[in-house]
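One structure is given below, encoded as C-alpha cells.
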Amino acid sequence: MPKVTRGTSPTLQKAPFVFTYDGKRVLGMRPSSYRSAVTMCRELFPRIDSESTISFHTKELEACDGQLAEVSARYWEELIGSLKFLIVMTTNSTHIPRSSSKASLSMERRTSTTSTNDSVVSASPHDISLLIKLVDGTHFTMKVSRRHTIFKLATSAAQRQGKNPAEHCLIYRGFPLSASQTVEEHNLKEGEVLEFRKMPMMRAPALYLLAPEVMDVTVMLSLSSHLTMSAAYPMVAIRPGTATSSDSVKWNVSVHPTGAITERTSGLNVPYLSWEAFKRPPNPAPAYPSPDPRRRDEPPGFDLNKISVNSENSIALPIAKVDPYLDQALNKLGVHGQARYGFIAAWMPVLKKCKHVAIRFLPQDAYARSSPLNVFPLPDVVTRICIIFRDIPDHDLGNWSVGVNSRHLFSGTDVVGVDIRRASDSTLFRVLELSAMEVSLS
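Numbering of the sequence shown is given in UniProt numbering, commencing with residue 1 and proceeding in unit increments.
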C-alpha cells in the first residue's frame, strides 16, 4: 500500500471556507493550520479582543452526532479537509482580574421566581446589574459594563448554565437582543430583566419529491434572512448569505415513482432532501414594544425573530400525548406514513425532556414568503408544513388549557392551507416539505 503522509493538500488549503462568529458569516479560505485559522479570524472579525482565546467548533461531521464539538488543534490537519465551515467562539475570563469593574461578570444565583431588591450596586458609572431569568423561573443577577456586547453577556450566562453559547440568546420584552450591540446601545437600565433562551433551531426538515414517472428536477431553497444554514443533505455547497441575500442551497436530482431521490453529482440515493438551520439573533435590534400575547397572525413580513407561540394560536399537550397527536394531525394534512414516522422519530427525543409542549402550525403562505422554495419543472402541488414547538414550564402551565379537542385536531388544514385532494393525488408531481422549529427549549 502507498504510504499515507500527514498534511493538508494544496487544493484544500485554497478552498473557500466559511467562518461564523457573533451571528455573522464571513467567507475566507480554508486554513491549513490551527494557528493560521486564529490569525485569519482576527482579521475577519476585528471585534474579537486581542487578548481573547479563540476556539473552533463544528457538528458537520457524522461523529459529532448532531452536537457541537470543539475542533482540537492536535487533530486539525486530519479534520479540516472534511469541513466547509466553522463556528468561532471566544473566551477571555482567564486573563481578566475578578476585581476589575470594567470587565468582570460577577453573578449571584437566585432561586426565587420573583424579583429581589439586593442586586449588586454598581461600582462604576459604566456598570449596571441585570436580572437574567431562566426557563424554569429562577434567576440570577449579572453585574456588567454598559460597554459589554450582548454576545459576551449571553456567553457568560450560557457557560454558567453549562449550555452551548452558540445556541442561546438573551430576550428583552419578548424579542432577542442583537448579539453584536452593547448594553448601552440597547439602552438597558439598572435592574432590567433579560430572559435566557435557546435560539430556535430547524432540525432535520425533510423535502419529499413525489412524481408519477422518472423526472430530472432542480430544487433551490433560500432560507429566511433570520436563519443560518449549518448543513445540507445530500451534501452540496451552501451559498452563504450577503447583505442583500440569505443562505441558499441547490440540488440537482432525479426523482423516481417509488419516492426515491438520486443526487445526480454523487449518485447518492435518498428518501428526501434535508438541511439544518439555526435562527440568528437580529442585528441590529430595534426597540420593539412588548408583543401582544393575544396575537393570532404574524405580520406580512413574517419575522422569525417575532414568532409567537401562545394559548391563542397553539395547543398544549402533556408529553405522553404529543406522539399520537402529531401522527393524527399530520395524517389529516395528507402526510404519508413514512414522512410522519420520520418526523416524529426525529423530534420526540428532543421533546421528551419536557413535561408539557405547545404546538403551533404555521400558515403555509407566510412560511413560504419567509423561506422561498423553487422547484423546476414546476410541481402540480406544493405543501409546506412548518410546526413550532415550545416547552411549557410548570410555573407557566396555568396560562394554558391543556388537552386535545376536535377544533385543534381538525383545524390544521385551515391554518396551514392544504388542498388534501390534490396533495394525495399520486398522478401529480407533488412536493411535500415537513419541518419544525423549537423555541424556548433550554
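Backbone N, C-alpha and C fix where the C-beta goes; we use that ideal spot for every residue, glycine too.
Note that this is a predicted model, so its numbers are computed, not measured.
Between which two residues does the alpha helix (DSSP H) containing residue i stretch?
{"i": "Cys64", "result": "Neither: Cys64 is in no alpha helix (DSSP H) and is coded neither H nor E."}
{"i": "Met348", "result": "Gly337 to Leu351"}
{"i": "Val439", "result": "Run containing Val439: none in the alpha helix (DSSP H); it sits in the beta strand (DSSP E), Arg430 to Val439."}
{"i": "Leu177", "result": "Unbroken run through Leu177: none, as it is neither H nor E."}
{"i": "Arg421", "result": "Ile420 to Ala423"}
{"i": "Glu78", "result": "Trp76 to Leu79"}
DSSP has residue i in a bridge; who is on the other side?
{"i": "Gly28", "result": "Phe17"}
{"i": "Asn374", "result": "Met220"}
{"i": "Ala358", "result": "Ala316 and Arg390"}
{"i": "Asp127", "result": "Ser145"}
{"i": "His395", "result": "According to DSSP, which records beta bridges pairwise, His395 is partnered with nothing at all."}
{"i": "Glu192", "result": "The partner list for Glu192 (beta bridge, DSSP) is empty, contrary to what the question assumes."}
{"i": "Ser55", "result": "Met89"}
{"i": "Asn269", "result": "Thr262"}
{"i": "Ile238", "result": "Val249"}
{"i": "residue 444", "result": "One cannot answer for residue 444 here, as it falls past the ends of the chain, which runs 1 to 442."}
{"i": "Lys198", "result": "His168"}
{"i": "Ile48", "result": "Ile48 pairs with nothing; no bridge assigned."}
{"i": "Lys133", "result": "His139 and Glu195"}
{"i": "Ile385", "result": "Leu434"}
{"i": "Glu70", "result": "His57"}
{"i": "Thr182", "result": "Thr149"}
So, under 8 Å CB-CB, residue i and residue j are touching, yes? Tell me the CB distance rounded to an integer number of Å.
{"i": "Ala436", "j": "Arg430", "result": "Not really, about 20 Å apart at Cβ, beyond 8 Å."}
{"i": "Ser129", "j": "Leu207", "result": "The pair is not a contact, with the Cβ atoms about 47 Å apart (cut-off 8 Å)."}
{"i": "Ala277", "j": "Val249", "result": "With a Cβ gap of about 10 Å, Ala277 and Val249 do not count as contacting."}
{"i": "Met29", "j": "His57", "result": "That pair is no contact at about 19 Å."}
{"i": "Leu268", "j": "Asp247", "result": "Contact doesn't hold; Cβ gap of about 22 Å is too wide."}
{"i": "Leu68", "j": "Asn164", "result": "5 Å"}
{"i": "Leu221", "j": "Leu373", "result": "5 Å"}
{"i": "Arg340", "j": "Tyr367", "result": "Actually they are not in contact, since the Cβ atoms of Arg340 and Tyr367 sit about 19 Å apart, beyond 8 Å."}
{"i": "Ser31", "j": "Ala37", "result": "For the record, residue 31 in the displayed sequence is Pro; it is not Ser. Between Ala37 and Pro31 the Cβ distance is about 4 Å, and since that is below 8 Å, they are a contact."}
{"i": "Leu432", "j": "Val335", "result": "7 Å"}
Let's see if you can read the secondary structure: which residues bound the beta strand (DSSP E) around residue i?
{"i": "Trp251", "result": "Ser248 to Val255"}
{"i": "Thr141", "result": "His139 to Ser145"}
{"i": "Lys40", "result": "Here residue 40 is Met; the residue named in the question, Lys, does not match the sequence. Note, Met40: premise wrong, no beta strand (DSSP E); alpha helix (DSSP H) at Tyr34 to Leu44."}
{"i": "Ile171", "result": "His168 to Tyr172"}
{"i": "Ser230", "result": "Leu227 to Tyr233"}
{"i": "Ala154", "result": "Looking at the DSSP string, Ala154 is not in any beta strand (DSSP E); the run it does join, the alpha helix (DSSP H), is Ile150 to Gln161."}
{"i": "Ala206", "result": "Ala206 to Leu210"}
According to the Cβ coordinates, are residue i and residue j closer than 8 Å?
{"i": "Val255", "j": "Glu263", "result": "no"}
{"i": "Val309", "j": "Arg360", "result": "yes"}
{"i": "Phe151", "j": "Phe85", "result": "no"}
{"i": "Pro415", "j": "Ile307", "result": "Pro is not the amino acid found at residue 415; the sequence shown has Val there. Against a cut-off of 8 Å, the Cβ pair of Ile307 and Val415 comes out as no contact."}
{"i": "Ala211", "j": "Pro257", "result": "yes"}
{"i": "Ala154", "j": "Leu170", "result": "yes"}
{"i": "Arg146", "j": "Glu184", "result": "yes"}
{"i": "Pro393", "j": "Gly137", "result": "yes"}
{"i": "Leu362", "j": "Ile388", "result": "yes"}
{"i": "Leu428", "j": "Val357", "result": "no"}
{"i": "Leu83", "j": "Glu62", "result": "no"}
{"i": "His168", "j": "Lys143", "result": "no"}
Please determine, among the options, the residue with the shortest C-alpha to C-alpha distance to residue i.
{"i": "Arg390", "options": "Leu68, Lys355 and Asp419", "result": "Lys355"}
{"i": "Ile132", "options": "Gln161, His126 and Arg146", "result": "Gln161"}
{"i": "Glu398", "options": "Arg340, His336 and Ala316", "result": "The identity of residue 398 in the sequence shown is Gly, whereas the question assumes Glu. If we check each option's Cα against that of Gly398, Ala316 comes out closest."}
{"i": "Arg42", "options": "Ala237, Phe19 and Gly81", "result": "Phe19"}
{"i": "Leu434", "options": "Leu333, Asp419 and Asp425", "result": "Leu333"}
{"i": "Phe140", "options": "Phe196, Met89, Phe151 and Asp127", "result": "Phe196"}
{"i": "Ser50", "options": "Ile80, Asp365 and Thr91", "result": "Thr91"}
{"i": "Ala73", "options": "Ala63, Cys386 and Ile54", "result": "Ile54"}
{"i": "Tyr272", "options": "His226, Val219, Ala37 and Ile238", "result": "Val219"}
{"i": "Gln338", "options": "Leu373, Gly259, Ser370 and Thr265", "result": "Gly259"}
{"i": "Leu223", "options": "Pro234, Pro205, Met235 and Met215", "result": "Pro205"}
{"i": "Asp216", "options": "Pro379, Ser82 and Ile420", "result": "Pro379"}
{"i": "Ile319", "options": "Ala63, Pro349 and Ser156", "result": "Pro349"}
{"i": "Cys386", "options": "Val253, Ser314 and Ser426", "result": "Ser314"}
{"i": "Thr149", "options": "Ser178, Glu70 and Asp396", "result": "Ser178"}
{"i": "Val375", "options": "Trp251, Asp419 and Gln328", "result": "Trp251"}
{"i": "Glu77", "options": "Val26, Met142, Ala158 and Arg35", "result": "Arg35"}
{"i": "Leu351", "options": "Ser156, Arg369, Met40 and Leu326", "result": "Leu326"}
{"i": "Glu192", "options": "Val418, Lys198 and Asp127", "result": "Asp127"}
{"i": "Val418", "options": "Trp347, Lys24, Ser401 and Gln364", "result": "Gln364"}
{"i": "Leu44", "options": "Ser52, Asp65, Cys64 and Tyr21", "result": "Tyr21"}
{"i": "Pro180", "options": "Arg25, Val71 and Ala15", "result": "According to the sequence as given, residue 180 is Ser; it is not Pro. Per the Cα distances, Arg25."}
{"i": "Asp396", "options": "Ile420, Arg369, Ser426 and Ser311", "result": "Ser311"}
{"i": "Val214", "options": "Val253, Gln328, Thr182 and Tyr172", "result": "Val253"}
{"i": "residue 443", "options": "Leu27, Gly342, Trp400 and Ser225", "result": "Outside the displayed span of the chain (1 to 442) sits residue 443, for which this structure offers no information."}
{"i": "Ile87", "options": "Tyr75, Leu27 and Asp65", "result": "Leu27"}
{"i": "Ala157", "options": "Trp347, Arg421 and Leu194", "result": "Leu194"}
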